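A.B. asks:
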Amino acid sequence: MAEPDTQTAAPAAAPGGHLEPVQAAGAVLWRDTDRGREVALVHRPGRDDWTLPKGKPRSGEHLLAAAVREVREETGVHPVLGRRLPSQRYLRNGWPKQVEWWAATAASDSSRFTPDDEVDAVEWLPVAEARDRLTHDHDVRVLDDFQAGPARTVPLVLLRHAAAGDKAAWRGPDLLRPLDETGRAEALELAGVLGAFGPLRVVSSAAARCTETVTPYAVAHAVHIRTENAFTLGARHAAGDPYDSGAAREAFRELLEQRRPTLVCTHGELVADLMREAFERSGAPVPQQLSLVKGAFWVFHLDARDGSLAAAERHGRA
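In terms of full-length UniProt numbering, the sequence shown opens at residue 1 and continues consecutively.
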């Protein structure tokens, strides 16, 4: 039987009058077997509890990268993140804790679990049995959230290119404007962060600042970058417009309908139209915030069975 969430008295507020929650990230690691669907639970000897794999990010570590690392360290399995699950917020020793959750599968059949002082056992259990084994109510809620939606999903990432300097100061053709020093650092970081979703085909605007944004990812994962004029600002479009929103939405719709793991890199001017396409085709409410800062991205998790939008998540500054 799971234990109720601890509701102890909160400590004094931090400067600013509120408590900043401790951040953590984890995943419901699942697999299908002859006896049905199973999920991985870990046993922590220090607390003598059974829980889902999770942990706190290191300093400066992206939550996606933290989720992958923590699951790998606690289970020995390298995960590929799938559908985003609802966050869980609760008190731990009187301090708020917020955990971001994903569904996840193993990147390969191999695993290398080594017991240690933090986690001394991993067990794969049928979902119903795992639910009974979990010690904490907040973990039970996560498992219920996982069960409430499709397990197998396909990611489509919509990324705005990284920083590319001052447009007004650039003297050459805008299509050739490169990333600046900040943008190059962002592109390198994105290569690791986006690796959380496994191998993605890459479709990019033909503009240099877009192809340069996804080049580190393409090199790291040995994939080809396909350029798409419909996603390119400044390509030749009808009536001399800088972009054709109808053509961009049609090209994006085709990618959504193909249900293949995909990374799309484009410009801020096209982001709102492409977001509307992703949400409206499934009848989902369109978010009020339709813009992305440079280097930020949305991930649309599509149900592998019918392509409907199972979940969506945004990463990057507001």
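All residues carry an ideal CB built from backbone N, CA and C; glycine is no exception. None of the values given here were measured: they were computed from a predicted structure.
#1: Does DSSP classify Gln258 as helix, strand or coil?
#2: Figure out for me which residue from Val22, Asp166, Ala40 and Gly82 has the closest Cα to the Cα of Pro57.
#3: In angstroms, rounded to a whole number, what distance separates the CA positions of Leu176 and Leu194?
#4: How many whole angstroms separate the CB atoms of Pro79 and Ala107, which I take to be in contact at a CB cut-off of 8 Å?
#5: Below 9 Å between beta carbons: does that hold for Leu143 and Pro261?
#6: Should the region 208-227 be called in touch with the region 119-129, which here means at least 3 C-beta pairs below 8 Å?
#7: Among Trp101, Thr75, Gly94 and Asp132, which has the Cα closest to the Cα of Ser110?
#8: Could you tell me how far apart the beta carbons of Ala67 and Glu100 are, in whole angstroms, since I believe they sit closer than 8 Å?
#9: Buried or exposed: where does Asp303 fall if 16 or more other Cβ atoms within 10 Å of its Cβ makes it buried?
#10: Report yes or no: do the region 208-218 and the region 243-254 share at least 3 C-beta pairs separated by less than 8 Å?
#11: In whole angstroms, what separates the C-alpha of Asp34 from that of Leu64?
#12: What would DSSP say about Lys294, mapped onto helix, strand or coil?
#13: Run through DSSP, which three-state label would Gln289 get?
#14: Are the beta-carbon atoms belonging to Val214 and Leu270 less than 9 Å from one another?
#15: Cβ of Trp50 within 9 Å of Cβ of Ala104?
#16: Based on the DSSP secondary-structure assignment, which residues constitute the bridge partners of Ser204?
#17: Measure the C-alpha to C-alpha separation of Gly16 and Ala24 and round it to an integer number of angstroms.
#18: Let me check one thing: in DSSP terms, what residues is Gly195 bridge-paired to?
#19: Taking the straight line between their C-alpha atoms, what separation do you get for Arg47 and Gly94?
#20: Which residue wins for smallest C-alpha separation from Phe197, given the options Asp244, Leu292 and His301?
#21: His138 lies in the alpha helix (DSSP H); which residues open and close that run?
#22: Look up Ala164 in the DSSP assignment and say whether it is helix, strand or coil.
#23: Along the chain, where does the beta strand (DSSP E) that runs through residue 323 open and close?
#24: Here's a check: name, in chain order, each residue in its chain whose Cβ is nearer than 7 Å to the Cβ of Glu186, leaving out the five neighbours to either side.
#25: Considering only C-alpha positions, which residue in the set Trp298, Asp244, Phe113 and Ala148 is nearest to Glu73?
#26: Find the nearest neighbour of Arg314 within the set Ala168, Gly283 and Arg160, judged by alpha-carbon distance.
#27: Do Leu125 and Trp102 have their C-beta atoms closer together than 9 Å?
#28: Around the Cβ of Gln288, are there at least 16 other Cβ atoms within 10 angstroms (buried) or fewer (exposed)?
#29: Could you please give the first and the last residue of the uninterrupted beta strand (DSSP E) stretch that includes Thr105?
#30: Whole angstroms is fine: what's the gap from Gly307's alpha carbon to Val299's?
#31: Quick check: His134 and Phe297, are their CB atoms within less than 9 Å of each other?
C.D. replies: Based on what the coordinates show:
#1: In the sequence shown, the residue the question calls residue 258 occupies position 258. Helix at Gln258.
#2: Here residue 57 refers to the residue found at position 57 of the sequence shown. Answer by Cα proximity: Val22.
#3: By one-based count along the sequence shown, residue 176 stands at place 176. By one-based count along the sequence shown, residue 194 stands at place 194. Taking the straight line joining both Cα atoms gives about 25 Å.
#4: For the purposes of this step, residue 79 is taken as residue 79 along the sequence shown, with counting starting at 1. For the purposes of this step, residue 107 is taken as residue 107 along the sequence shown, with counting starting at 1. Contact flag correct, Cβ pair sits at about 7 Å.
#5: Residue mapping note: residue 143 aligns to position 143 of the sequence shown, counting from 1. Residue mapping note: residue 261 aligns to position 261 of the sequence shown, counting from 1. No. Outside cutoff.
#6: no
#7: On the sequence shown, residue 110 is found 110 positions in, with the first residue counted as 1. Among Trp101, Thr75, Gly94 and Asp132, the Cα nearest to that of Ser110 is on Thr75.
#8: Taking the sequence shown and counting its residues from 1, one reaches residue 67 at position 67. Taking the sequence shown and counting its residues from 1, one reaches residue 100 at position 100. Indeed they touch by this definition, with Cβ atoms about 7 Å apart.
#9: Counted from its first residue, the sequence shown places residue 303 at position 303. Asp303 should be labelled buried.
#10: no
#11: Sequence index remark: in the sequence shown, residue 34 carries index 34 (1-based). Sequence index remark: in the sequence shown, residue 64 carries index 64 (1-based). Their backbone Cα atoms lie some 31 Å apart in a straight line.
#12: Along the sequence shown, one-based indexing puts residue 294 at 294. Looking at Lys294 - three-state DSSP - the assignment turns out to be coil, as it is neither helix nor strand.
#13: Residue 289 sits at position 289 when you count from the first residue of the sequence shown. Note: Gln289 maps to coil in three-state DSSP.
#14: As a first step, residue 214 must be located in the sequence shown, where it is residue number 214. As a first step, residue 270 must be located in the sequence shown, where it is residue number 270. Cβ distance not < 9 Å, so Val214 and Leu270 don't count as in contact.
#15: Within the sequence shown, numbered from 1, the residue matching residue 50 stands at position 50. Within the sequence shown, numbered from 1, the residue matching residue 104 stands at position 104. No; because the gap between Cβ atoms is not below 9 Å, this pair is not in contact.
#16: Walking along the sequence shown from the start, residue 204 turns up at place 204. Beta-bridge pairing links Ser204 to Thr227 and Cys265.
#17: For this step, residue 16 is matched to residue 16 along the sequence shown. For this step, residue 24 is matched to residue 24 along the sequence shown. Here the model assigns Gly16 a pLDDT of 46, short of 50, so the residue's position is not dependable, and the following value carries that caveat. Each residue's alpha carbon lies about 22 Å from the other.
#18: As a first step, residue 195 must be located in the sequence shown, where it is residue number 195. None, per the DSSP bridge assignment.
#19: Along the sequence shown, one-based indexing puts residue 47 at 47. Along the sequence shown, one-based indexing puts residue 94 at 94. Rounded to whole angstroms, Arg47 to Gly94 spans 17 Å at the Cα level.
#20: Here residue 197 refers to the residue found at position 197 when the sequence shown is read from its first residue. If we check each option's Cα against that of Phe197, His301 comes out closest.
#21: Locating residue 138 in the sequence shown gives position 138, where the first residue counts as 1. Taken as a continuous stretch (DSSP letters only), the alpha helix (DSSP H) holding His138 covers Asp137 to Gln147.
#22: The count along the sequence shown starts at 1 and reaches residue 164 at position 164. Ala164 falls in the coil class under three-state DSSP.
#23: Beyond the ends of the chain as shown, which are 1 and 318, falls residue 323; an answer cannot be given.
#24: Locating residue 186 in the sequence shown gives position 186, where the first residue counts as 1. Here the set comprises Ala162, Ala163 and Gly295.
#25: Along the sequence shown, one-based indexing puts residue 73 at 73. Comparing Cα-Cα distances from Glu73 to each of Trp298, Asp244, Phe113 and Ala148, the minimum goes to Phe113.
#26: The residue labelled residue 314 in the question sits at position 314 within the sequence shown. Cα-wise, what sits closest to Arg314 is Arg160.
#27: Here residue 125 refers to the residue found at position 125 when the sequence shown is read from its first residue. Here residue 102 refers to the residue found at position 102 when the sequence shown is read from its first residue. Their beta carbons are not under 9 Å apart, which means Leu125 does not touch Trp102 by this criterion.
#28: As a first step, residue 288 is located in the sequence shown; it is residue number 288 there, counting from the start. Exposed.
#29: If you number the sequence shown from 1, residue 105 lands on position 105. Trp95 to Ala106 is the extent of the beta strand (DSSP E) around Thr105.
#30: Here residue 307 refers to the residue found at position 307 of the sequence shown. Here residue 299 refers to the residue found at position 299 of the sequence shown. Spanning the two alpha carbons is a distance of roughly 14 Å.
#31: Counting from one through the sequence shown, the residue named residue 134 turns up at place 134. Counting from one through the sequence shown, the residue named residue 297 turns up at place 297. Reading off the sequence, residue 134 comes out as Leu, not His. No. Outside cutoff.
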